[in-house]
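Quick note: to get my numbering, add 19 to the position in the sequence shown (first position is 1). Beta carbons are placed, not taken as given, at the ideal position from N, Cα and C, and that holds for glycine. Since this is a predicted model, take the numbers as computed values, not measurements. Scroll down for the structure; my scribbles are underneath it.
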Amino acid sequence: MLKLILSTTILMIIGVFVFLNSNQRVVLHLIVAEFKDFPLAIACLLFFVLGLTLSIPFFLADRLQLIKKQRAEIRRLTTHLEATRKELKELGKKPLHKEDMH
20 MLKLILSTTI
30 LMIIGVFVFL
40 NSNQRVVLHL
50 IVAEFKDFPL
60 AIACLLFFVL
70 GLTLSIPFFL
80 ADRLQLIKKQ
90 RAEIRRLTTH
100 LEATRKELKE
110 LGKKPLHKED
120 MH
């Protein structure tokens with residue numbers, strides 16, 4: 020999620036500087052004040068949407084990797100649980116010796 024926000028912000032800033040082609044004071048005024056320059060507003064919106072769109076595959080890849088790790092952990096724990104169950108069954112079937120009772 021952090022990558023998504025960071026890349027969107029960077030693309031928006033690049034869009035503002037490229038399409039404005041002016042000094043920083045105007046850029047800061049544009050960010051703080053309302054958009055009076057319609058083409059610039061469209062360009063910023065386009066870069067914002069582009070940043071969001073291009074960040075989605077990275078976000079989904081991170082989620083898929085996390086899901087794969089969780090599935091592997093579940094498989095490992097299930098295998099361990101089955102082995103423990105078998106051991107308990109075997110211990111339950113074994114007759115107790117007199118030494119074990121004391």
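Counting other Cβ atoms within 10 Å of its Cβ, residue 30 reaches 16 or more and is therefore classed as buried. One Cα belongs to residue 26, the other to residue 61, and the distance between them is close to 18 angstroms. Just so you know, the alpha carbons of residue 99 and residue 83 end up roughly 24 angstroms apart. Runs of the alpha helix (DSSP H) lying entirely within the segment 65 to 110 and spanning at least 4 residues: none are present.
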